[in-house]
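Novice: I'd like to ask you about the structure that follows.
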Amino acid sequence: MSLTKYLIDSDVARCMCSYELIEDLATALGVTLADFFVLSQLKYQLHLAKPAKALKKLGTSQAVQQAQRLVDQASEVVVMADSANYVLLDGTPDIDGGELALFAALCESPSTGLVTGDKRALVALCKVTGAIESAFTWAQILCLEEAIACLIAHFGLDHVSNKVRAHVGTNIALEMIFGRSRAATIEDVNEGLKSYLNDLVTETHGRYVSPFLAETTT
Numbered sequence: 048m049s050l051t052k053y054l055i056d057s058d059v060a061r062c063m064c065s066y067e068l069i070e071d072l073a074t075a076l077g078v079t080l081a082d083f084f085v086l087s088q089l090k091y092q093l094h095l096a097k098p099a100k101a102l103k104k105l106g107t108s109q110a111v112q113q114a115q116r117l118v119d120q121a122s123e124v125v126v127m128a129d130s131a132n133y134v135l136l137d138g139t140p141d142i143d144g145g146e147l148a149l150f151a152a153l154c155e156s157p158s159t160g161l162v163t164g165d166k167r168a169l170v171a172l173c174k175v176t177g178a179i180e181s182a183f184t185w186a187q188i189l190c191l192e193e194a195i196a197c198l199i200a201h202f203g204l205d206h207v208s209n210k211v212r213a214h215v216g217t218n219i220a221l222e223m224i225f226g227r228s229r230a231a232t233i234e235d236v237n238e239g240l241k242s243y244l245n246d247l248v249t250e251t252h253g254r255y256v257s258p259f260l261a262e263t264t265t
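Residue numbers (the numbering used here): 48 to 265.
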């Protein structure tokens, strides 16, 4: 499957901008920031109209600049409330309004992917039955850890590790994988990512499709 556009949830956007990796993520996925779609509330969540608050939220001026470029160049997700996909998903427990809009938009195009940091929403999505099941494939979905694996494959461990370890407090789970007191080896990082991804595959009853696991278990 060839994905040419990507929906980016707000948690992933915040993390990747804080780590100064959002532009690298686009490159690793073979697209540009203009091929990303974000929720309309992202610019408010990151306080981009208030530089001091944005800096406190994202950590560095470089991170704020990346976030601003993301918002400027990406498109906003637009899903009508009466969309069939939206209606079929509405009311699903553990899927909030933002993820609901992203999932509905995902169903509108087989060439669009979704990068999400909301594990709970993915677990909830695997329980949704009915017509919506045929509206998308799980191969369109990448979790945050899968995106990190993609970045490492494209840019190398040192590049990604240095970025993550320089911005402590952004995502505790990722920072533990990369090492806090000292940088983790590629073997340890791979094991950490594999552990998370295997858990996600299990919790989604085998529906989540992990390219990283497929590559590292063959």
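Cβ atoms here follow ideal geometry from the backbone N, Cα and C, with glycine treated the same way. Quick caveat: nothing in here was measured; it's all calculated off a predicted structure.
1) Can you tell me where the beta strand (DSSP E) with Phe-83 in it begins and where it stops?
2) Should the region 184-197 be called in touch with the region 158-176, which here means at least 3 C-beta pairs below 8 Å?
3) Per DSSP, what kind of secondary structure is Thr-159 in: helix, strand or coil?
4) Taking the straight line between their C-alpha atoms, what separation do you get for Val-211 and Ser-156?
5) Please name the residue, chosen from Met-127, Ser-158 and Thr-263, that lies closest to Ser-49 on a Cα-to-Cα basis.
6) From which residue to which residue does the alpha helix (DSSP H) around Ala-72 run?
7) According to DSSP, which residues form a beta bridge with Gln-188?
8) Just to confirm, is the Cβ distance from Gln-113 to Ile-55 under 7 Å?
9) In chain order, what residues of the same chain have a beta carbon less than 7 Å from the beta carbon of Ser-257, not counting five sequence neighbours either side?
Specialist: Reading off the structure:
1) 83-85
2) yes
3) strand
4) 32 Å
5) That would be Ser-158, whose Cα lies nearest to the Cα of Ser-49.
6) The sequence as given places Leu at residue 72; Ala does not occur at that position. That run of the alpha helix (DSSP H) goes 69-75.
7) The question names Gln, yet the displayed sequence has Ile at residue 188. As computed with DSSP, Ile-188 is found in a beta bridge with Leu-161.
8) no
9) Glu-193, Leu-244 and Val-248
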